[in-house]
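A short worksheet on the structure shown next.
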Amino acid sequence: MEGEALMDIELIHRGDVWRLGPHRLVCGDATVATVAAAALDGAAPLLMVTDPPYGVNYDPTWRSAVIDRATGTASKAGRALGLVTNDHRADWADAFRHFRGDVAYVWHGALNGTVVRAALEGVGFRPRAQIIWDKGRLILSRGHYHWRHEPCWYAVRKGRTAHWVGGRKQTTVWLIPHRRSETGHSAQKPIDCMRRPIENHSAPGDAVYDPFLGSGTTLVAAEMTGRACHAVELEPAYVAIALARWEDMTGLKAELLHREPPTC
Numbered sequence: 003m004e005g006e007a008l009m010d011i012e013l014i015h016r017g018d019v020w021r022l023g024p025h026r027l028v029c030g031d032a033t034v035a036t037v038a039a040a041a042l043d044g045a046a047p048l049l050m051v052t053d054p055p056y057g058v059n060y061d062p063t064w065r066s067a068v069i070d071r072a073t074g075t076a077s078k079a080g081r082a083l084g085l086v087t088n089d090h091r092a093d094w095a096d097a098f099r100h101f102r103g104d105v106a107y108v109w110h111g112a113l114n115g116t117v118v119r120a121a122l123e124g125v126g127f128r129p130r131a132q133i134i135w136d137k138g139r140l141i142l143s144r145g146h147y148h149w150r151h152e153p154c155w156y157a158v159r160k161g162r163t164a165h166w167v168g169g170r171k172q173t174t175v176w177l178i179p180h181r182r183s184e185t186g187h188s189a190q191k192p193i194d195c196m197r198r199p200i201e202n203h204s205a206p207g208d209a210v211y212d213p214f215l216g217s218g219t220t221l222v223a224a225e226m227t228g229r230a231c232h233a234v235e236l237e238p239a240y241v242a243i244a245l246a247r248w249e250d251m252t253g254l255k256a257e258l259l260h261r262e263p264p265t266c
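So, in structure tokens, the structure goes:
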């Protein structure tokens with residue numbers, strides 16, 4: 003199914019709005035207010051769980067071959083290889099500000115923690131903890147130390163409540179085995195990285211927001227736990243994968259609600 007989605011990438015366009023049962027997915031730029039509004043469609047989720055591109059070079063050719071130095075965007079060849087558009091960027095305040103809820107979980111590169119924290123604080127959040135995902139094994143790199151963890155800021159909006167419904171024996175270290183992605187997304191998280199925040203801060207039927215859906219892990223976690231995922235993803239290739247994952251999981255078909263007319 004995932005391979006079929008990649009072959010059908012031409013069927014996905016920027017501006018598309020998709021309905022997947024109780025979920026809603028927009029192919030577009032989450033920093034744009036109208037795009038975020040189209041994804042939310044009047045919903046007011048209290049929880050945001052997201053894994054934005056965050057300044058980590060997952061491919062050694064990233065700077066020289068994938069990023070167009072004049073525009074700062076990913077080349078067509080880079081996108082075809084499954085690399086992540088905007089992965090050179092870590093400050094996503096322009097996307098976070100469109101989320102009006104109370105609780106945010108934002109995965110980030112370990113070396114970009116201060117930038118992501120500042121972005122959250124700049125839109126009214128106060129970090130309460132930094133979750134550490136222990137992958138259970140090292141990830142080979144060119145550095146002197148090989149990484150085996152990734153952090154996530156857990157933040158609550160100033161003056162608001164955390165809506166905590168989780169157990170009281172949880173720690174800030176989450177041991178979740180890392181497995182190589184089969185979807186083509188170079189930084190896909192295990193489902194539990196998204197499911198734990200969802201179960202700790204929401205109830206079945208509640209809405210969850212993800213402005214950087216990628217290949218759809220938050221969508222899958224929401225479907226598994228009975229929540230409604232409202233999401234945005236910039237890249238048509240990853241939208242196609244997310245749609246295919248949900249269709250394969252549920253046996254249902256996603257519905258195209260809206261498509262922007264051609265500009266030329």
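Everything in the sequence shown is counted per our numbering, starting at 3 for the first residue and increasing by one. Just so it is clear, CB atoms sit at the ideal spot from N, CA and C, and this is done for glycine as well.
Proximal residues to residue i (C-beta, below 8 Å), its chain only, five neighbours per side dropped
i    : result
F127 : F98, A106, A157, V158, R159, K160
H165 : L48, L49, D104, V105, H203, S204
H151 : A112, I134, W135, D136, K137
R197 : A223, M226, T227
Which residues DSSP lists as bridging residue i, in chain order
i    : result
C231 : V210
L177 : D136
Y156 : Y107, A131
R323 : The question about residue 323 has no answer, for the chain in this structure spans 3 to 266.
I141 : W149
V51  : Y107
Spatial neighbours of residue i in its chain, beta-carbon cut-off 7 Å, leaving aside the 5 residues before and after
i    : result
I133 : P153, C154, Y156, T174, W176
D194 : I178
G124 : A95
G17  : C29, G30, R261, E262
L122 : F98, A106, V108, P129, W155, A157
G23  : T252, L254
Buried or exposed by the 16-neighbour rule on C-beta atoms within 10 Å, applied to residue i
i    : result
E262 : exposed
A120 : exposed
K191 : buried
A32  : buried
I141 : exposed
For residue j and residue i, believed in contact at Cβ under 8 Å, the rounded distance
i    : j    : result
A40  : V28  : 5 Å
C231 : L221 : 5 Å
R229 : D208 : 5 Å
G216 : E235 : 6 Å
CB contact below 8 Å: residue i versus chain B
i    : result
T116 : No chain B is part of this structure, which consists of one protein chain only.
Cβ-based neighbour list, residue i, same chain, cut-off 6 Å, excluding 5 preceding and 5 following
i   : result
D43 : R26
R71 : Legend: pLDDT at R71 = 34, less than 50; position of this residue unreliable, value from coordinates given subsequently. Correct list: empty, nothing qualifies.
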